[in-house]
């Protein structure tokens, strides 16, 4: 994939993440990943019983790691549901790395990151505001800088 095509794909995924937040009327962090999974909009996916998820599914390296696991689960559902298929998201998310990238977009939407002051756009503050591991906040900041 050329770098230009890659940037275009990332921009399409950013728009999809933004559109999804509007669908669920999420305006401020932290993103309620669990409730979005449990209470999908009509025609998106079946309700998910979070209590049935196994410990092996949830990463616990960091206090916020389980939220990133949930964000990846949300990303999978978004990609494969009718809403995501209508946007051809599966053509853009082809690998585990792509899925992790899209999950970070969902849990740290660009618009919400950009409303933070420049000084607050650092991994520590973003980790606290979005309830994500600092490592994921750092990767998201680097990704936003590219776009």
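Residue numbers (the numbering used here): 14 to 160.
Think of the CB as a built atom: it goes at the ideal place given N, C-alpha and C, for glycine as much as any other residue.
| Check | Outcome |
| --- | --- |
| Rounded separation between residue 77 and residue 117 - CA only | 13 Å |
| Contacts around residue 147, its chain only, beta-carbon distance under 7 Å, and the 5 residues preceding and following it disregarded | 136, 137 and 140 |
| Residue-level contact to chain C via CB, residue 41, 7 Å cutoff | No chain C appears in this structure, which consists of one protein chain only. |
| Alpha-carbon spacing of residue 87 relative to residue 29, whole angstroms | 13 Å |
| Segment contact flag, the region 124 to 136 with the region 87 to 96, C-beta cutoff 8 Å, min 3 pairs | no |
| Which of helix, strand or coil DSSP assigns to residue 55 | coil |
| Nearest candidate by alpha-carbon position, reference residue 124, set 104, 32 and 19 | 32 |
| Given residue 40 as reference, the closest of 82, 107 and 121 once Cα atoms are compared | 121 |
| Residue 50 burial status per 10 Å Cβ neighbour count (16 or more: buried) | buried |
| Between the CA atoms of residue 27 and residue 103 - distance to the nearest angstrom | 14 Å |
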